[in-house]
Amino acid sequence: MNTQEALEKAEAILKDLALSFTCPEENRLDAVIKADDLKKAVEALLVTNRWGYLSALTGLDNPEYEVDEDTREKVAVEGKGSLEVLYHFAAGAAITTLRVSLPYDAAEIDSICDLVPAATLYEREAMELFGICFKGTPSTEHLVLPDCWPNGVYPLRKTFKGLNEKAQG
Amino acid sequence: MPRQKSERFIVPIGPQHPALKEPGHFEFTVEGEVVTNATARLGFVHRGMEKGAESRTWTQDLYLMERVCGICSHVHSMAFVLGVEKLANVQAPPRAQAIRELVAELERIHSHILWLGVAAHEGGFDTLFMFSWRDRETVMDLLETISGNRVNYSANVLGGVKVDINERQKDELLRGMDFLEERTRHYLKVVTEDDTFLGRTRNIGVMTFEEATRLGAIGPTGRASGLLRDVRMDSPYAGYPDFPIQIVTAKAGDLEARFVVRIKELFESYRLVREIVEKIPSGDLTTKIPRRIPEGETVSRVEAPRGELFYYIKSNGTDRPERVKVRTPSLCNCASVLTTAIGHKLADMPMILAGIDPCFSCNDRMVVLNGPAGQSLWDWEKLRQYGIEYYKK
């Protein structure tokens, strides 16, 4: 199966679930998925059709920016914009990415650990660095941040500029 | 005597060097001698590099990313430059691509021999440890001859490489490969024939092909279970389209197979180094790359000594990246080892942990210095002062 065929196959598998498809590069297919359909999409790809393996899980923060008048720098506005979770699947050179957009006030998504046990570490990472809640994930303990890290502070969000005294309590 | 009711104990291993000389914390639940559950806690050397990358320029990030890991520094910078070059639509010259591959293979040689020594040490075979580390010096010297450094070679720049190889270095490389090949042949014999050592490796930590597939094992750990997965072959990058590799796999999936796969990969690396030295294309080392990288996102994958290294890079059109995501091979393999550990004796744990060649500083990328009272965040100046005061005493 060459790269092009693999991507066509992935597109056929996800046809009914994806909201839209894009091909950002010749070996990549991006499929935008609703949060509720994520598990179905992962099951269709990995379990039913055995298309590749879960290569990585990327968290993204896409806030709205406004320009600070004093410093002329772009500053992320608290609460506006959205979080995004990218599930990258690889088969040979082909990469299919499931993109799920999540609002800040309901950053919840189903855990895929029952389908892909190896996802537990990726989910723990995204959980503590981005504050995304994975429903049903087997472990919610800290993975990389220290035990004394304050609750509700997510370092990879764009609004995070370092810990201040208040956050440390 | 009445049999005692089995009781569960939790045995913590780490954070101080559970297997390698790096911090990671594992908790094994044991019933008697047998492990029934295993969990991991990483992050003891977390340095916040993904966050740090967002506030530095593309060029500064190259140096930052090279420092994600001390053992496989070159592959990190390679994944980064290849991704950035893709975003900027720039192609490094063929000679640069060949040198990138050359340094990557030398790095693989040093990393695999390093692992061989550590794993032998964990198995109580210190003679093998000492011999293999002595021989590893050969490749360390070669890397130093080429780049000036034993680690963090800094061979890559955006748009090419900054080191070249001359005729004298070519001779040294060939001589080094001859010596190492002879030694490696001996090590292959030792790890497959020494009875005592086989007692520690044969049929231990078995991961079947199905398990490896399900758990998403990668790199030599996956290939030892028969998984045909190698980014160098699946999606050739840098010089690999011109100097392709032969994939090495084994079927057994036990620790012995992981030794055999890594050692056979060494032969493959020696062959590649020789081939590149003989047929390296002539030409420029660098090409121009803009300071601001066009908007876009890309996925860059390379085969690190431990398996697939995954970079996701997003640019917002400025001179700084919007997001750099690093997923290191050890994170994948960590998940697989936690599962394979179950059912084995506690005494086998160090070997099973070492078997995946874990690299914790790759995984962890940030440090927060909290005092015991848990309130002070140290800035660089305070840390520097502390260092000066500490060593004055």
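First to last, the protein sequences are chains H and E. The numbering used here numbers the first residue of the first sequence as -12 and each following residue consecutively. The numbering used here numbers the first residue of the second sequence as -19 and each following residue consecutively. Glycine included, C-beta positions come from ideal geometry on N, C-alpha and C.
Check                                                                                                                                                                                           : Outcome
Less than 8 Å between CB atoms is the rule here; does G354 (chain E) satisfy it with respect to chain H?                                                                                        : For G354 (chain E), the predicted model reports a pLDDT of 40, less than 50, meaning its position is unreliable; a value from the coordinates is still stated below. Answer yes: the Cβ-Cβ gap between G354 (chain E) and chain H drops below 8 Å somewhere.
Do you know offhand how far E112 (chain H)'s Cα is from C120 (chain H)'s?                                                                                                                       : 11 Å
Check the Cβ-Cβ distances between S262 (chain E) and every residue of chain H, and say whether any is below 8 Å.                                                                                : no
Is the stretch 96 to 111 of chain E touching the stretch 284 to 291 of chain E in the sense that three or more CB pairs, one from each, lie closer than 8 Å?                                    : no
Quick one: grab the DSSP three-state call for L265 (chain E).                                                                                                                                   : coil
Give every residue of the same chain whose Cβ lies closer than 8 Å to the Cβ of F159 (chain E), excluding the five residues on either side of it in the sequence, and list them in chain order. : D115 and T118
Could you tell me the boundaries of the beta strand (DSSP E) in which D92 (chain H) lies?                                                                                                       : D92 (chain H) -> no beta strand (DSSP E), and no H or E assigned at all.
Helix, strand or coil for V137 (chain E) per DSSP?                                                                                                                                              : strand
Is A80 (chain H) close to chain E, meaning its C-beta is less than 8 Å from at least one C-beta of that chain?                                                                                  : yes
Start and end of the alpha helix (DSSP H) containing L76 (chain H)?                                                                                                                             : Note on residue identity: the sequence assigns Phe, not Leu, to residue 76 (chain H). Here F76 (chain H) belongs to no alpha helix (DSSP H); instead the beta strand (DSSP E) covers K61 to A78.
Kindly provide the ranges of any alpha helix (DSSP H) runs that are 4 or more residues long and lie completely inside the stretch 5 to 83 of chain E, ordered along the chain.                  : 29 to 34, 38 to 46 and 53 to 68
Excluding the five sequence neighbours on either side, which residues of its own chain have a C-beta within less than 8 Å of the C-beta of A28 (chain H), listed in chain order?                : L1, L4, A5, A18, I20 and L85
Looking only at DSSP bridge pairs, what is Y52 (chain H) linked to?                                                                                                                             : H:A63
Excluding the 5 residues flanking I225 (chain E) on each side, which residues of the same chain have their C-beta closer than 8 Å to its C-beta?                                                : D210, R212, M213, E248 and L252
Need the endpoints of the beta strand (DSSP E) that A284 (chain E) sits in, please.                                                                                                             : G276 to A284
Assuming F8 (chain H) is part of the beta strand (DSSP E), what are its boundary residues?                                                                                                      : A5 to T9
R307 (chain E) bridges to which residues according to DSSP?                                                                                                                                     : E:F290
Consult DSSP for S205 (chain E) and reduce its assignment to one of helix, strand or coil.                                                                                                      : coil
Under 8 Å, CB to CB, which of the residues in the stretch 271 to 305 of chain E have a partner in chain C?                                                                                      : Protein chains H and E are contained in the structure displayed, whereas chain C is not.
Ordered along the chain, which non-local residues of its own chain (more than five positions away) have a Cβ less than 6 Å from that of E65 (chain H)?                                          : T146
Of all the residues that make up the stretch 21 to 45 of chain H, which are near chain E by a beta-carbon distance shorter than 9 Å?                                                            : R37, Y40, L41, S42, A43, L44 and T45
Hey, out of E:R27, E:I322 and E:G104, whose CA is closest to L132 (chain H)'s CA?                                                                                                               : E:R27
Between the stretch 74 to 84 of chain H and the stretch 40 to 48 of chain H, do at least 3 Cβ pairs fall closer than 8 Å?                                                                       : yes
H166 (chain E): which of E:I198, E:T181 and E:L246 sits nearest, CA to CA?                                                                                                                      : E:L246
Identify the contact partners of S126 (chain H) in chain E, using a Cβ-Cβ distance below 8 Å as the criterion.                                                                                  : T19
Go ahead and label E115 (chain H) buried or exposed: buried means 16 or more other beta carbons lie within 10 angstroms of its beta carbon, across all protein chains shown.                    : buried
Measuring CB atoms only, is the stretch -15 to -4 of chain E touching the stretch 8 to 23 of chain E, in the sense that at least three cross pairs come out at less than 8 Å?                   : yes
Which residue comes first and which comes last in the alpha helix (DSSP H) that contains I198 (chain E)?                                                                                        : No alpha helix (DSSP H) holds I198 (chain E); DSSP gives it neither H nor E.
Looking only at DSSP bridge pairs, what is L44 (chain H) linked to?                                                                                                                             : H:Y74
Compare the beta carbon distance of R36 (chain E) and A218 (chain E) with 8 Å and say whether it is the shorter of the two.                                                                     : no
Measure how close the beta-carbons of S91 (chain E) and P285 (chain E) come, nearest whole angstrom, since I'm counting them as under 8 Å.                                                      : 4 Å
Please confirm whether K372 (chain E) has its beta-carbon closer than 8 Å to some beta-carbon of chain H.                                                                                       : no
Taking 8 Å as the threshold (beta carbon to beta carbon), is T107 (chain H) in contact with chain E?                                                                                            : yes
In the DSSP assignment, find the beta strand (DSSP E) that holds K122 (chain H) and state where it starts and stops.                                                                            : C120 to K122
List the endpoints of the continuous beta strand (DSSP E) containing R182 (chain E).                                                                                                            : Looking at the DSSP string, R182 (chain E) is not in any beta strand (DSSP E), and its letter there is neither H nor E.
Over the uninterrupted beta strand (DSSP E) stretch that includes I(-7) (chain E), give me the two end residues.                                                                                : R(-12) to I(-7)
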